[in-house]
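Novice:
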Amino acid sequence: MKILVGVKRVVDYAVKVRVQKNTVDLKNIKMSLNPFCEIAVEEAVRLKEQKVADEIVAVSIGPKQATETLRTALAMGADRAIHVMTDLRTDYMELQPYAISQIFQKIVEQEKSDLVLLGKQGIDSDCGQTGPMLAGLLDWPQVTFASKIEVDDAGGMTVERETDSGTESISIPQLPAVITCDLRLNEPRYATLPNIMKAKKKKVDTMTAEDMGIDLTPRNEVLRVFEPPPRKEGIMVENIDSLLDKLRNEAGVIP
4 MKILVGVKRV
14 VDYAVKVRVQ
24 KNTVDLKNIK
34 MSLNPFCEIA
44 VEEAVRLKEQ
54 KVADEIVAVS
64 IGPKQATETL
74 RTALAMGADR
84 AIHVMTDLRT
94 DYMELQPYAI
104 SQIFQKIVEQ
114 EKSDLVLLGK
124 QGIDSDCGQT
134 GPMLAGLLDW
144 PQVTFASKIE
154 VDDAGGMTVE
164 RETDSGTESI
174 SIPQLPAVIT
184 CDLRLNEPRY
194 ATLPNIMKAK
204 KKKVDTMTAE
214 DMGIDLTPRN
224 EVLRVFEPPP
234 RKEGIMVENI
244 DSLLDKLRNE
254 AGVIP
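4 is the number of the first residue of the sequence shown in the working numbering; add one for each residue after it.
1. Check whether the region 202-215 touches the region 80-92, counting contact only when three or more Cβ pairs, one atom from each stretch, lie closer than 8 Å.
2. Going by DSSP, what residue range makes up the beta strand (DSSP E) through Ser3?
3. Cβ of Gly159 within 9 Å of Cβ of Gln145?
4. Quick check on Met79: buried or exposed, where buried means 16 or more other Cβ atoms within 10 Å of its Cβ?
5. Does the pairing of the region 90-108 with the region 214-227 give three or more beta-carbon distances under 8 Å?
6. Mind reading off the beta-carbon distance from Lys33 to Val13? Whole number of angstroms is fine, and I expect it under 8 Å.
7. To which residues of the same chain is Glu97 closer than 7 Å at the C-beta, ignoring the five residues directly before and after it?
8. Residue range of the beta strand (DSSP E) that Phe148 falls in?
9. Are the CB atoms of Val55 and Asn37 within a distance shorter than 9 Å?
10. Could you check the C-alpha separation between Phe148 and Cys130 for me, to the nearest Å?
11. The beta strand (DSSP E) spanning Glu58 covers which residue range?
12. Look up Gly134 in the DSSP assignment and say whether it is helix, strand or coil.
13. Taking the Cβ atom as the reference point for each residue, do Ala69 and Val8 lie within a distance shorter than 9 Å?
14. Between which two residues does the beta strand (DSSP E) carrying Val119 extend?
15. Beta-carbon separation of Thr72 and Gly65 under 9 Å?
16. Tell me which same chain residues have a C-beta within less than 6 Å of the C-beta of Gln132, skipping the five on either side of it?
17. Return the residue from the list Ile42, Val20, Lys24 that minimises the CA-CA distance to Met185.
18. Measuring straight from C-alpha to C-alpha, what distance separates Arg227 and Val20?
19. In whole angstroms, what separates the C-alpha of Gly122 from that of Thr26?
20. Please report how far the alpha carbon of Glu224 lies from the alpha carbon of Lys30, in whole angstroms.
21. For Gly139, does the three-state DSSP call read helix, strand or coil?
22. Where does Val60 land, buried or exposed, given buried means 16+ other C-beta within 10 angstroms?
Given below as structure tokens:
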């Protein structure tokens with residue numbers, strides 16, 4: 004079985020972004036592997052360790068620096084990587100999920116992948132649309148928000164997924180399929196120094212998004228980007244009765 008894993012380069016989760024000129028400023032800012040994509044890579048590596056998968060191919064779409072993100076996936080255990088070069092921003096400002104899913108579709112068909120693992124969403128755009136769109140384009144079964152994946156003897160999978168009201172289990176009788184990974188699926192490993200050194204020698208194929216015959220034009224226009232308003236200063240109350248009075252008569256949050 005060949006697994007294709009999507010890997011996205013995003014602003015590091017610990018960074019406080021700045022808004023300048025009606026957009027998020029990406030200059031001189033720390034970028035890293037999207038946490039949900041990291042979980043997808045870890046799950047692919049675990050499936051290979053279980054002798055379920057034969058090869059793991061990591062795919063990233065983005066600028067030249069996305070190669071560093073791919074090297075992280077390779078150090079975690081991916082066998083090789085594909086870098087789709089583009090100077091378009093991938094945080095929804097320019098390159099949007101429909102175009103991204105079409106790029107993935109071409110690569111999946113080219114690689115003849117059996118399983119596609121993606122993060123449930125990117126922490127920059129929070130769209131969560133690429134996985135479902137890709138499954139639709141490929142006409143493959145899909146399971147989103149996976150929190151547990153089990154492979155059966157017949158080659159199918161049982162996937163437990165997160166919902167607003169709990170969890171549900173979905174059976175995939177046979178592959179291929181698209182699965183998007185949620186936070187509780189696993190805890191990604193740290194890449195060891197020997198694996199980081201080995202990753203530098205692993206193959207990274209490069210192609211250009213603009214040469215793939217796909218319309219990359221955004222389907223939606225972002226009209227405005229702004230920071231949330233600062234939190235209002237709180238007030239001190241003398242006792243619990245004063246607090247209840249303000250919550251009831253001023254804030255209106257309790258009857």
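Using N, Cα and C, we set each Cβ at its ideal position, and we do this for glycine too. For clarity, every value in this text was computed on a predicted model and none was experimentally measured.
Specialist: In brief:
1. Put simply, the region 202-215 touches the region 80-92. At least three CB pairs are less than 8 Å apart.
2. In the structure as shown, the chain begins at 4 and stops at 258. Residue 3 is therefore absent and cannot be evaluated.
3. For the purposes of this step, residue 159 is taken as residue 156 along the sequence shown, with counting starting at 1. For the purposes of this step, residue 145 is taken as residue 142 along the sequence shown, with counting starting at 1. No.
4. Here residue 79 refers to the residue found at position 76 of the sequence shown. Residue environment for Met79: buried (at least 16 other C-beta atoms within 10 angstroms of its C-beta).
5. Counting Cβ pairs under 8 Å, three or more are found: they touch.
6. Translated into the one-based positions of the sequence shown, residue 33 becomes position 30. Translated into the one-based positions of the sequence shown, residue 13 becomes position 10. The Cβ separation is near 10 Å, so there is no contact.
7. On the sequence shown, residue 97 is found 94 positions in, with the first residue counted as 1. Correct list, in chain order: Leu91, Pro221.
8. By one-based count along the sequence shown, residue 148 stands at place 145. It spans 145-154 - the beta strand (DSSP E) in which Phe148 sits, taken as one unbroken run.
9. One-based indexing of the sequence shown puts residue 37 at position 34. One-based indexing of the sequence shown puts residue 55 at position 52. For Asn37 and Val55, no; Cβs fall outside 9 Å.
10. Counting from 1 along the sequence shown, the entry for residue 148 is found at position 145. Counting from 1 along the sequence shown, the entry for residue 130 is found at position 127. A straight line joining the alpha-carbon of Phe148 with that of Cys130 spans about 13 Å.
11. As a working note, residue 58 is residue 55 in the sequence shown. Counting along the chain, the beta strand (DSSP E) containing Glu58 begins and ends at 58-65.
12. Here residue 134 refers to the residue found at position 131 of the sequence shown. Helix, per DSSP.
13. Within the sequence shown, the letter at position 66 stands for residue 69. Within the sequence shown, the letter at position 5 stands for residue 8. Judged by beta-carbon spacing, Val8 lies beyond the 9 Å limit of Ala69, meaning their Cβ atoms are not closer than that value.
14. Walking along the sequence shown from the start, residue 119 turns up at place 116. From DSSP, the beta strand (DSSP E) with Val119 extends over 118-122.
15. Counting from one through the sequence shown, the residue named residue 72 turns up at place 69. Counting from one through the sequence shown, the residue named residue 65 turns up at place 62. It is a contact, given that the beta carbons lie within the stated cut-off.
16. Here residue 132 is taken as the residue at index 129 of the sequence shown, counted from 1. Counting only Cβ-Cβ distances below 6 Å, and skipping sequence neighbours, we find Pro100.
17. What you label residue 185 is simply residue 182 of the sequence shown in a count that begins at 1. Here residue 185 is Asp; the residue named in the question, Met, does not match the sequence. Closest by alpha carbon: Ile42.
18. Taking the first residue of the sequence shown as position 1, residue 227 is located at position 224. Taking the first residue of the sequence shown as position 1, residue 20 is located at position 17. Each residue's alpha carbon lies about 15 Å from the other.
19. Position 119 of the sequence shown, counted from the start, is the residue given in the question as residue 122. Position 23 of the sequence shown, counted from the start, is the residue given in the question as residue 26. The alpha-carbon atoms of Gly122 and Thr26 are separated by roughly 24 Å.
20. The sequence position of residue 224 within the sequence shown is 221, counting from 1. The sequence position of residue 30 within the sequence shown is 27, counting from 1. Straight-line measurement puts the Cα of Lys30 at about 22 Å from the Cα of Glu224.
21. Position 136 of the sequence shown, counted from the first residue, corresponds to residue 139. Helix at Gly139.
22. Position 57 of the sequence shown, counted from the first residue, corresponds to residue 60. With a threshold of 16 other beta carbon atoms within 10 Å, Val60 meets it and is buried.
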